[in-house]
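K.L.:
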Amino acid sequence: MTSYRNSDRRPPIMQGSPPKLIPPKLDWDRGPWNRWAFQNIREVLPTVEVWRGHGHRRRLERAEVDLDDLPVVDSTGAATTLAGLLDETYTDGFLVLKDGTIAYERYFNGMNERTLHLSQSMAKSVTGSVFGILIGRGLIDPARLVTDYLPELGETAWTGASAQQVLDMTTGVRFSEEYTDRYSEIGQVDVASGWKPVPPGSDPDFQWPAHMFELILRLKDKVREHGEAFEYRSIETDVLAFIMERVSGKRLAQLVSEELWQKLGADENACFTVDSAGYALAEGGFNATLRDYGRFGQLILDNGGGVIPTDWIEATRTGKHGPDFNPSLPEGSYRNQFWIEDPRSRALMCRGVFGQLIHIDWDTRMVVVKLSTYPDFTNIAYSVATLKAVHTIAAALA
92 MTSYRNSDRR PPIMQGSPPK LIPPKLDWDR GPWNRWAFQN IREVLPTVEV
142 WRGHGHRRRL ERAEVDLDDL PVVDSTGAAT TLAGLLDETY TDGFLVLKDG
192 TIAYERYFNG MNERTLHLSQ SMAKSVTGSV FGILIGRGLI DPARLVTDYL
242 PELGETAWTG ASAQQVLDMT TGVRFSEEYT DRYSEIGQVD VASGWKPVPP
292 GSDPDFQWPA HMFELILRLK DKVREHGEAF EYRSIETDVL AFIMERVSGK
342 RLAQLVSEEL WQKLGADENA CFTVDSAGYA LAEGGFNATL RDYGRFGQLI
392 LDNGGGVIPT DWIEATRTGK HGPDFNPSLP EGSYRNQFWI EDPRSRALMC
442 RGVFGQLIHI DWDTRMVVVK LSTYPDFTNI AYSVATLKAV HTIAAALA
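Residue numbers (this note's numbering): 92 to 489.
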């Protein structure tokens, strides 16, 4: 069954009582099933609440501009409109904040302002921000070794790695991020996190990890010395989360609630997916509304807004840039669980597979959030076209 765009007729996934078209447990995150599942994760997986608290809701004023017909280019480089690009790239929600005010907001595919949408790896930036808060409070020293906080990892490949190297994904730990290989380490995360069942036909002698910490303890091989090079590996974020839980005595969802979500003025409670041991998946299991992702981006743009240390935000914007860093970010870098677009703007990005994006630009005072459900894990052409559109929007609103 192929995926569908917003302009196509929607198949009746999870419609009716009982529904006849139900996402398969092994492929709920792939097209077309993700078009429903990413907005209904609490019906797919066990979750834990990230409470917004009793406090204020940060009011987002509106000064809207109709950008539907804004000329942009599509994924082939051909002329289209912003509305056309959003349709082409399987968009569920799209938000533009200019100087903290809503300039443009659109919902598709049944999503609305109260819908929680799966973040995928944008969760890494949420987790990293709370890590920065705990650094600022003196609970964590990023220069100290991982094993100072998690001595159990002394028998793993993280031996000798610093917390900062984990933040920047420059440890030498062997971990395959090959999404389409169900037996790769990221494939094992699917099982350990509770996202997927054990694949049918698996080797009966292979012991699948029962939960995330068990998987971490199994990773004993290094491919290089720590600190030598950046390599994107999702498991690093989970190590950060376990460090935070160990030093605070609190679970990740409670930490994100108390240190971040209750302070940024969220509209809605958020949630994390959890594994069999109750661990909230820091690397990609976070869910929130479009506007609350925007509020998070605005908090970063406001240099932490008194919640996240300003010097930590500044450090996050300072990375090591090299040629051909990433296919969709050739001048990019990575620091403290955020992507940096280029060394000139030093704009920060939270990114997740299947087309999740928060783009934060100090030069234009703009935050853009795009929530999507690509048919495939990645699509470089879609990502490049989206980033070009962000810059076109910035010029139009200048």
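Note that the Cβ used here is the ideal one computed from N, Cα and C, for glycine as well.
1) In chain order, what are the residue ranges of uninterrupted alpha helix (DSSP H) at least 4 long that sit wholly in the region 418-460?
2) Would you tell me roughly how many angstroms separate the C-alpha atoms of A174 and V481, rounded to the nearest one?
3) Work out the CA separation of R205 and W142 for me, nearest whole Å.
4) Consult DSSP for N125 and reduce its assignment to one of helix, strand or coil.
5) G184 bridges to which residues according to DSSP?
6) Helix, strand or coil for A480? Go by DSSP, reduced to three states.
7) Suppose the cutoff is 8 Å on Cβ atoms and the five residues either side in sequence are ignored; what does the same chain contact list for Y323 look like?
8) Using only the alpha-carbon positions, how far apart do G413 and A489 sit?
9) Closer than 6 Å by C-beta to R51: which residues in its own chain qualify, once you throw out the five before and the five after it? Chain order, please.
10) May I have the straight-line CA-CA distance separating Y95 from R101, to the nearest angstrom?
11) Which same chain residues end up closer than 8 Å to R437 when comparing Cβ atoms and leaving out the 5 residues on each side of it in sequence?
12) Indicate the three-state DSSP secondary structure (helix, strand or coil) for P162 in the structure shown.
13) Look up S253 in the DSSP assignment and say whether it is helix, strand or coil.
14) Let's see if you can read the secondary structure: which residues bound the alpha helix (DSSP H) around T138?
15) Determine whether the beta carbon atoms of Q279 and P295 lie at a separation below 8 Å.
16) Using beta-carbon positions only, say whether V163 and I231 come within less than 8 Å of one another.
17) Going by beta-carbon coordinates alone, are G397 and I404 separated by less than 8 Å?
18) Can you give me the C-alpha to C-alpha distance between I104 and P110, rounded to a whole angstrom?
19) Could you have a look at V475 and say whether DSSP puts it in helix, strand or coil?
20) Got a sec? Which residues, its chain only, sit under 7 Å from S220 by beta carbon, not counting five neighbours each side?
21) May I have the straight-line CA-CA distance separating L236 from A254, to the nearest angstrom?
22) Return the residue from the list F429, S210 and M335 that minimises the CA-CA distance to G229.
23) Go ahead and label A486 buried or exposed: buried means 16 or more other beta carbons lie within 10 angstroms of its beta carbon, across all protein chains shown.
24) Counting only runs of 4+ residues fully inside the region 305-361, write out the alpha helix (DSSP H) ranges in chain order.
25) Between the region 177-193 and the region 209-226, are three or more C-beta pairs nearer than 8 Å?
26) State the DSSP-derived secondary structure class of L173, mapped to helix, strand or coil.
27) Mind checking who V221 pairs with in its DSSP beta bridge?
28) Throw me the rounded Cβ distance for the T328 and K215 pair, which I believe falls under 8 Å.
29) Could you tell me whether the region 346-360 touches the region 311-322, using the rule of 3 or more Cβ pairs below 8 Å?
30) Spatial neighbours of L136 within its chain, please: C-beta separation below 7 Å, excluding the five flanking residues on both sides.
31) Which residues mark the beginning and the end of the beta strand (DSSP E) in which A379 is found?
32) If we ignore side chains and look at the alpha-carbon of each, how far apart do F297 and R273 end up?
33) Taking only the alpha-carbon atoms, compute the straight-line gap between P153 and P288 and give it to the nearest angstrom.
34) I need the boundaries of the alpha helix (DSSP H) containing V237, first residue and last residue.
35) Measure the C-alpha to C-alpha separation of L420 and T469 and round it to an integer number of angstroms.
36) Just the Cα atoms here: how many angstroms apart are D312 and I277?
P.N.:
Here's the rundown:
1) Whole alpha helix (DSSP H) segments, 4+ residues: zero.
2) One C-alpha to the other measures close to 13 Å.
3) Inter-residue distance for W142 and R205 is about 15 Å (C-alpha atoms, whole angstroms).
4) Collapsing the DSSP output to three states places N125 in a helix.
5) Beta-bridge pairing links G184 to Y198 and L462.
6) Reduced to three states, the DSSP call for A480 is helix.
7) Shown here for Y323: same chain residues with a beta carbon closer than 8 Å to its own, the five before and five after excluded, namely M260, E268 and Y425 in chain order.
8) Approximately 30 Å between the Cα atoms of the pair.
9) Coverage of the chain is limited to positions 92 through 489, which leaves residue 51 absent and any answer about it impossible.
10) Their Cα atoms are separated by approximately 7 Å.
11) Taking C-beta separations shorter than 8 Å and ignoring five residues to either side along the sequence, the partners of R437 in its chain run R408, T409, I431 and W453, following chain order.
12) Here P162 sits in strand by DSSP.
13) Three-state DSSP puts S253 in a strand.
14) First-last for T138: T138 to V141, but that is the beta strand (DSSP E), not the alpha helix (DSSP H).
15) Going by beta carbons, Q279 and P295 fall outside the 8 Å limit.
16) No, these two residues do not count as a Cβ contact at 8 Å.
17) Result no, Cβ atoms of G397 and I404 do not sit closer than 8 Å.
18) Rounded to the nearest angstrom, the gap between the Cα atoms of I104 and P110 is 7 Å.
19) In this structure, V475 counts as helix in the three-state DSSP scheme.
20) So the list reads L351 and I399, once near-sequence residues are dropped.
21) Going from the Cα of L236 to the Cα of A254 covers about 6 Å.
22) The residue with the shortest Cα to Cα distance from G229 is M335.
23) So A486 ends up on the exposed side.
24) If only complete runs of 4 or more residues are kept, the region 305-361 shows the alpha helix (DSSP H) at 326-339 and 343-347, in order along the chain.
25) The region 177-193, when compared against the region 209-226, does not touch it at the 8 Å Cβ threshold.
26) Residue state, collapsed to three classes: helix.
27) Bridge partners of V221: none, in fact.
28) In this structure, T328 and K215 form a Cβ contact; the two beta carbons are roughly 5 Å apart against a cut-off of 8 Å.
29) At 8 Å Cβ cutoff, the stretches do not touch.
30) Annotation for L136: G285, W286 and T364 place their beta carbon closer than 7 Å to its own, counting only its chain and skipping 5 residues before and after.
31) Segment F377 to A379, the beta strand (DSSP E) holding A379.
32) F297 and R273 have their alpha carbons spaced roughly 13 Å apart.
33) As written in the sequence, residue 153 is Arg, which differs from the Pro given in the question. Roughly 44 Å separates the two Cα atoms.
34) Counting along the chain, the alpha helix (DSSP H) containing V237 begins and ends at V237 to Y240.
35) L420 and T469: Cα-Cα distance of roughly 13 Å.
36) Each residue's alpha carbon lies about 15 Å from the other.
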